[in-house]
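A.B. asks: Going by numbering that gives the first Met the number 0, 45 is the number at position 46 of the sequence shown; the sequence numbering is gapless. Every residue gets a Cβ at the ideal spot worked out from N, C-alpha and C, and that includes glycine. Structure in structure tokens, see below.
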Amino acid sequence: MSDSRVGLTVTHRRYVPYSHAHYAGNLVDGAYALGLFGDVATEVCIRTDGDEGLFASYSDVQFTAPMKAGDVLEVTATVTRVGTRSRAIDFEARVVCRGRPDRSASAAEVLAEPIVAVTATGTVVVPPAA
Numbered sequence: 000m001s002d003s004r005v006g007l008t009v010t011h012r013r014y015v016p017y018s019h020a021h022y023a024g025n026l027v028d029g030a031y032a033l034g035l036f037g038d039v040a041t042e043v044c045i046r047t048d049g050d051e052g053l054f055a056s057y058s059d060v061q062f063t064a065p066m067k068a069g070d071v072l073e074v075t076a077t078v079t080r081v082g083t084r085s086r087a088i089d090f091e092a093r094v095v096c097r098g099r100p101d102r103s104a105s106a107a108e109v110l111a112e113p114i115v116a117v118t119a120t121g122t123v124v125v126p127p128a129a
């Protein structure tokens, strides 16, 4: 019997402020995406189980492209497995807009094709059903 929660996808978007630049070239550290994955996982748990849940682990994290201050990130979480108390989730962070400081201090553009910056697989746990 399949579980209707498998396949549930939740998406958040977030502007990356310049105060989060950590490295030269306005690069943002990879932990920024992991924090966003935690936020979107919380909404997944609320939607699937009526509880914020707890993040238990990552089994895979891949940093595939830079994230920069001035980016708009689109972060998705998709439930891939439902256990008794655990939920496996695939995550993806994509850059959908990027600042263009080469044009002017506040210039930015919507990217024609989003850039996949970070992917991960994680596990969350929720309280036992009442």
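#1: Considering only the beta carbon of each residue, do valine 71 and tyrosine 22 sit closer than 7 Å?
#2: Going by C-alpha distance, which of Asp101, Ser103, Thr118, Val95 is nearest valine 109?
#3: If I measure Cβ to Cβ from aspartate 121 and keep anything under 6 Å in the same chain, skipping five residues before and after, which residues do I get?
#4: Grab the span of the alpha helix (DSSP H) containing aspartate 48 for me, first residue to last.
#5: CB phenylalanine 54 to CB valine 117, shorter than 7 Å?
#6: Using CA coordinates, which residue listed in Asp48, Asp38, Asp59, Gly49 is at the minimum distance from glutamate 73?
#7: Between which two residues does the beta strand (DSSP E) harbouring leucine 110 extend?
C.D. replies: Judging by the given coordinates:
#1: no
#2: Val95
#3: Looking at the sequence itself, residue 121 is glycine, so the reference to aspartate does not match. Closer than 6 Å at Cβ, skipping near neighbours: Tyr57, Ile88.
#4: Segment 30–48, the alpha helix (DSSP H) holding aspartate 48.
#5: no
#6: Asp38
#7: 107–124
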